[in-house]
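Chemist: I am attaching a structure below and will ask some questions about it afterwards.
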């Protein structure tokens, strides 16, 4: 079913890089500033994936009602982002076979784009630090378009920039965000089983299959001479 694929849109957090440990440090430093108790990694993993604003909203909602959250939100977000910038990439690591998978896709002649809900100012330095940015012809962040995943807009804009119909662009991600956005855009989608997915089982995601690693995903794709 992937014989016509010419490009791939790949998610960042939970798909290529396990960034939850960075979030843990930054969030807990922010919580210290607000005299709040630290959170565990497991709790934070259920909150990752819909962008920084959503993350801070959820973190504050553990301690405050809607009015309390609203009163503290701007300060908390700004404080968190300062802490995150200071630790970005320090505690995170690539998932297995990410380099190998990306290289294999490039060797097949695939064009690669990264779409993440992480702000671009955080995504690019992280990808540079982990030495994966050079595989991608374009990186789009959560602030690159008017809407984030699970809205299809980022996927549609990426396909437009690639000058390819969505049916020829495979999306790969770890959460329902990626699958919902891809489906709505008309892109086929594969999911990896090791990411975050808001604390829900990856098997519940409506995708075209689960692949153990990006290298396994690459092995499903056609060689460039068969296009």
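Residue numbers (the working numbering): 2 to 228. Even for Gly, the Cβ is constructed at its ideal location relative to N, Cα and C.
#1: Taking the beta strand (DSSP E) that residue 174 falls in, what are its first and last residues?
#2: Under 8 Å by Cβ, that's how I've got residue 162 and residue 188 pegged, so tell me the actual separation to the nearest angstrom.
#3: If we ignore side chains and look at the alpha-carbon of each, how far apart do residue 229 and residue 21 end up?
#4: Which same chain residues, not among the five before or five after residue 97, have their C-beta less than 8 Å away from its C-beta?
#5: Would you give the residue range spanned by the beta strand (DSSP E) that residue 115 belongs to?
#6: Mapping DSSP to helix, strand and coil, what is residue 20?
#7: Would residue 81 pass as a contact of residue 57 if the rule is Cβ separation under 8 Å?
#8: Only counting the same chain, and skipping five residues up and downstream in sequence, which positions put a Cβ closer than 8 Å to that of residue 126?
#9: Given a threshold of 16 other Cβ atoms within 10 Å of its Cβ, counted over all protein chains shown, does residue 200 qualify as buried or as exposed?
#10: Exposed or buried, residue 229, counting other C-beta atoms within 10 Å across all chains shown (16 or more means buried)?
#11: Quick one: give me the first and last residue of the beta strand (DSSP E) that residue 141 is part of.
#12: Run the CB neighbour count on residue 62, radius 10 Å, all protein chains shown included, and call it buried at 16 or more, exposed below.
#13: Using only CA atoms, which one of 67, 77, 167 lies nearest to residue 33?
#14: Determine the direct distance from the alpha carbon of residue 70 to that of residue 227, and round the result to whole angstroms.
#15: Under the assumption that residue 116 contacts residue 136 (Cβ atoms under 8 Å), give the Cβ distance between them as a whole number of angstroms.
Modeler: Taking the coordinates as given:
#1: 170 to 174 is the span of the beta strand (DSSP E), which, as asked, contains residue 174.
#2: Rounded, the Cβ-Cβ distance is 14 Å, inconsistent with contact.
#3: Any answer about residue 229 is impossible in this case: the structure gives the chain only from 2 up to 228.
#4: Take residue 97, set aside five residues on each side of it, and the residues of its chain with a beta-carbon closer than 8 Å to its own are 214, in chain order.
#5: From DSSP, the beta strand (DSSP E) with residue 115 extends over 112 to 116.
#6: Residue 20: coil per DSSP, three-state reduction.
#7: Taking 8 Å as the cut-off, the beta carbon of residue 81 is found closer than this to the beta carbon of residue 57.
#8: So the list reads 89, 90, once near-sequence residues are dropped.
#9: Classification of residue 200: exposed, given that the 10 Å Cβ count is below 16.
#10: Since the first residue of the chain shown is 2 and the last is 228, residue 229 is not available in this structure.
#11: Element bounds for residue 141: 139 to 141.
#12: Exposed, since its Cβ has fewer than 16 Cβ neighbours within 10 Å.
#13: Of the listed residues, the one whose Cα sits closest to residue 33 is 77.
#14: Note that residue 227 scores 47 on pLDDT, short of 50, meaning its location in the model is unreliable; the coordinates nonetheless yield the value given after this. Residue 70 has its alpha-carbon roughly 54 Å from the corresponding atom of residue 227.
#15: For a cut-off of 8 Å, the C-beta gap from residue 116 to residue 136 is around 14 Å, too long to register as a contact.
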